Structures are given as C-alpha cells and as structure tokens.
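Counting in this note's numbering, the sequence shown runs without a single skipped number right up to 44 at its last residue.
Structure, as structure tokens:
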Amino acid sequence: MLLERYILNKVIFLPYCLIYRLKIIINIKSQPSFIPTKANRT
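Listed below in structure tokens is the structure:
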C-alpha cells in the first residue's frame, strides 16, 4: 500500500514538475519580448 502510494506520487509529481518548469521557461522567454513592446507603446 505504501509502495503503491509512493510510485503513484512519483508518477504524478514528476510530470507535474516538468510541466511547471516548462511553464517557467516559457514565461521567462516570453517576458523579454513582451516588456520592450510595452515600453515602445508608452
């Protein structure tokens, strides 16, 4: 029971971590291109 729960947590948690990291990378990459357009408009 405990082992099953541990495996389940790993299976759910690892892809979640990868998706979370990808979202952060996408946000960092999209921010530099987003800030200059905001500065140019003002």
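Just so you know, even glycine gets a beta-carbon here, dropped at the ideal spot from N, CA and C.
Note that this is a predicted model, so its numbers are computed, not measured.
Using only the alpha-carbon positions, how far apart do residue i and residue j sit?
| i | j | result |
| --- | --- | --- |
| Leu24 | Val13 | 17 angstroms |
| Ile26 | Cys19 | 11 angstroms |
| Glu6 | Leu16 | 15 angstroms |
| Leu10 | Lys31 | 32 angstroms |
| Asn29 | Tyr22 | 11 angstroms |
| Met3 | Gln33 | 44 angstroms |
Report whether the distance from the Cβ of residue i to the nearest heavy atom of the ligand ATP is below 7 angstroms.
| i | result |
| --- | --- |
| Ile14 | Only the bare structure without any ligand can be found here, which leaves the ligand ATP out of the picture. |
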